[in-house]
Every structure is written in structure tokens, then in C-alpha cells.
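Residue numbering for the sequence shown follows the working numbering, starting at 150 and increasing by one per position.
Working notes, structure below.
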Amino acid sequence: MGLFRKKTDSAAQEPRIIGTAGAGRGTGTTHFTVLAANYLCSGCGRKTAVLEWNRHGDFARFGSACTGLSAVESRYRIQGVDFYPDSAGGILADCLHMDYEEILVDFGELEEKVCEELLRCHRVFLTVSFTEWQTGAFWKPESWEERAAKNGWQCLAAFGSEESRLRWNKRRRPAVRRIPFSVDAFTVTGPMMEFMRTIL
């Protein structure tokens, strides 16, 4: 990896880079990333790209389903957003020289090499889960908690017990915000628009 330019606030013409990662598998990172991209494009009129920097293959699957294309494409345009499947490497460098205003990078599960790249992003969102079967990965020391607090990453949860989330916020840091329920990542509802407005 290591292709990001160091984040600065001086060049207004440069795209904002938003990194997303999950504190474990299946915490809703891709769902949140797609929602955020659709909000930025449809709700804010921002030219938006989303890069898949993991090996999950989700972008090719939903790209094919949404566009009806049977072959795997290097880019899918869905509702105005450009999605780049399996795009670690030179794709980011290319996108930085296009006229995108927002570039979202879905890193998948939080790992050491991912943490290094997240530090180069302008904004970072870490998805966590309070479901009983995922707390083993969630409570690992230094896996996300200290990093998030140290670097100012915003932590979000879509799944799991609300009671557990509130209990966490009373006793631990960083605080975790609840993502509003959303059946379809390509449909940004009123409550989701308001939520995205407060975090983006």
C-alpha cells in the first residue's frame, strides 16, 4: 500500500480521503461505506469514488447485481458513485488525479498495515459490533480502542445490543455511536441523511 499523499488541509482542490475499517469481520464496514458514499453523492452533490482495499470481493458482487454486467469490471458506476473493486495499488493514485471530491477507502478488517494507511486519511470511521458472537475480536487489547482514542477515529456500531453500547460508553473510551437501521445501503433515508450530516 503506502500510496496516499500525506494528509493536508492546504490544498482545497485535493479530494478528501475517508478511511473505513472494522474491528473484526462482519461489523458492517462495507454497508456503512456504501451508505456514506451515496449520501455524499446524492445528498451533497459531491463527485465520489469508493475503493475496495480488501480481498472480500463484495464490490464485484454487488456491482454485477446492480448493473446487470456478468463480467467483472474495473469500475462500476451506481447511482452516480464510482466503485472500484479489489483496487489496492495504482487505482488510488489514478483517482487522486481525477476530479473526485471524495474518495472513500474500505479497508476491511483492522490490521497493522491498515492502521498505517488510516493515519494518512483525512477522516477515519471504525465499525464495531456489540453482538455476543463478535465480542471476542472486539475486546482485543490495542486492536482498536487505544488507536481510535489516540488518533481521533470515530467509532460506529450497526449491530448488537444497545444496552451493551450504552454501558460501553459509560465506562470506556472512545464512545461508540449507533448507525441508524438501514435495510438497503443504496437508499439513504431521512434519519440516515441527518446522521451522516452530523459525522461527515
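Glycine is no exception: its CB is placed at the ideal position from the N, C-alpha and C atoms.
Spanning the alpha carbons of V199 and G309 requires a straight line of approximately 26 Å.
Annotation for E250: P164, R195 and K196 place their beta carbon closer than 6 Å to its own, counting only its chain and skipping 5 residues before and after. By the Cβ test, the stretch 291–306 is not in contact with the stretch 200–212, since fewer than three Cβ pairs between them sit closer than 8 Å. Around the Cβ of P340, a 10 Å sphere holds fewer than 16 other Cβ atoms; the residue is exposed. Straight-line measurement puts the Cα of A307 at about 7 Å from the Cα of F330.
Each of V332, V337 and R314 was checked against the Cα of R326, and the nearest Cα belongs to R314.
For S313, the enclosing alpha helix (DSSP H) stretches over residues E311 to R320. Taking A220 as reference, the option from P234, G192 and G229 with the minimal CA-CA separation is P234.
Under a 10 Å Cβ-count criterion, R321 is classified as exposed, with fewer than 16 other Cβ atoms of the shown protein chains found around its own Cβ.
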